[in-house]
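Asks: In this text, residue positions in the sequence shown follow the UniProt record's numbering: the first is 1, and each later residue adds one. Even glycine gets a Cβ: it sits at the ideal position worked out from N, Cα and C.
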Amino acid sequence: MWHRFNLSRFFLAVVLTIVSFGSGILGFMWIEKFTLAEAFYMTMITISTVGFGELHPMSPDGRLFVSIYIFFNLLVVAYLVSVLTTYIFDGELRNLFQMLRTDQEIRNVSNHIIVCGFGRNGSKAYHELHDGGAQVVIVEQSEALLKSTVDSLGGKILAVFGDATTDETLLAAGIARARALITALPKDADNVFVTLTARELNPGIKIIARASLKTSEAKLLRAGADSVVMPDEIGGSHMANLVIRPEVIRFLDMISGLGPNKLRLEELRPDEMRPEWRGRSIRELDIRSRTGATVIGLKHRDGELLVSPSADTIPQPGDVMLFLGTDEQIASLVRQFQA
């Protein structure tokens with residue numbers, strides 16, 4: 001908790017203040033033989049530097065102790081003031097209350113997606129998910145990156161500051177109630193730890209992991225990842241295909257939302273459709289004429305994937321229909337067919 005809320009400096013300042021106060025009382029009682037009340041009084045006026053007189057004439061050892069004690073307290077007070085100034089005037093206190101409010105909001109979120117790491121891959125995944133209407137919680141260890149992200153997005157994000165490899169941080173992100181997790185940390189070893197931890201805390205969660213090395217792919221799959229993505233390998237293949245089959249890649253860019261004319265892929269299960277559309281063939285659904293979207297695939301519940309299924313095919317419960325279209329066409333599809 002101290003690390004997540006960045007309270008380590010404040011905690012250290014409080015500990016130093018308590019140690020300073022206690023050492024003053026003990027020093028006056030041991031060296032000058034003051035009572036507890038007298039030692040408390042002398043410690044208070046020494047720390048506060050109000051300049052009141054001594055209760056009793058002090059011995060040479062007592063004066064030496066007070067001289068060293070005053071110098072030590074000047075350092076403690078200077079550090080305490082700097083910490084309080086940071087929290088009050090530099091926005092640390094505001095950030096603390098913001099994190100507490102965010103934690104409360106996350107407790108009320110379920111069926112969401114957790115993105116661990118907000119670098120290039122993590123930020124891209126977040127924007128794609130957010131644009132698709134998904135509820136997303138970010139986990140990021142870099143305080144500076146998290147602050148810049150919150151500022152750039154207007155503070156309208158759910159984010160947890162902490163180490164994604166620890167149980168506490170993932171629990172704070174609502175791992176037990178999440179439906180999927182994307183771990184896009186820079187180090188493959190950290191992604192393995194996140195995968196292991198997430199799978200242990202939520203055995204039914206879907207985990208997508210990033211890998212830099214080919215040797216890490218098998219480790220991530222053994223750790224519990226459902227899918228492993230290697231951005232460097234995908235990037236190299238993409239560049240090669242731009243030379244060999246450029247028009248295919250431009251079409252894929254449109255599907256990925258990278259081109260000027262964006263297309264969108266969507267999936268819909270027959271049991272999610274309105275009752276009047278269930279049990280009909282693809283021909284009878286006439287989705288292209290009704291919405292403009294195209295049925296490009298059908299995945300049977302047994303795992304078989306049909307590309308461009310026959311118009312006479314009747315989707316069954318447990319199947320998944322795959323569609324391609326513009327945002328407007330997909331929106332029309334969802335509006336007309338989804339229950």
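1. Can you check whether the CB of L158 is closer than 8 Å to the CB of I106?
2. Short of 6 Å in beta carbon distance, which residues of its chain neighbour G122, apart from the five on each side in sequence? Order them along the chain.
3. Just verifying my parser: in three-state terms, what is the DSSP assignment at R9?
4. Alpha carbon to alpha carbon, how far is M273 from Q316? Give it in angstroms, no decimals.
5. Check M273 in the structure and name its three-state DSSP category.
6. Looking at C-alpha atoms only, which residue of R222, G224, I296 and E217 is the closest neighbour of residue 342?
7. Can you tell me where the beta strand (DSSP E) with G133 in it begins and where it stops?
8. Could you tell me the alpha carbon to alpha carbon distance between F323 and G235, rounded to whole angstroms?
9. For F65, count neighbouring C-beta atoms within 10 Å of its own C-beta (all shown protein chains included) and say buried if the count is 16 or more, exposed if not.
10. Could you check where the beta strand (DSSP E) with A209 kicks off and where it finishes?
11. Taking the alpha-carbon positions, what's the A134 to T215 distance?
12. In the structure shown, what three-state DSSP assignment does S227 receive?
13. In terms of alpha-carbon separation, which member of G303, A311 and V192 lies closest to V295?
14. Taking C-beta to C-beta, are L263 and G303 nearer than 8 Å?
Replies: This is what the structure gives:
1. yes
2. For G122, where only same-chain residues beyond five positions count, the Cβ hits under 6 Å are V115 and A184.
3. helix
4. Between Q316 and M273, the C-alpha separation is close to 11 Å.
5. strand
6. Absent from the model: residue 342. The displayed extent of the chain is 1 to 339, so no value can be given.
7. It is not in any beta strand (DSSP E) - G133 carries neither H nor E in the DSSP assignment.
8. 25 Å
9. buried
10. K206 to R210
11. 32 Å
12. strand
13. A311
14. Their beta carbons are not under 8 Å apart, which means L263 does not touch G303 by this criterion.
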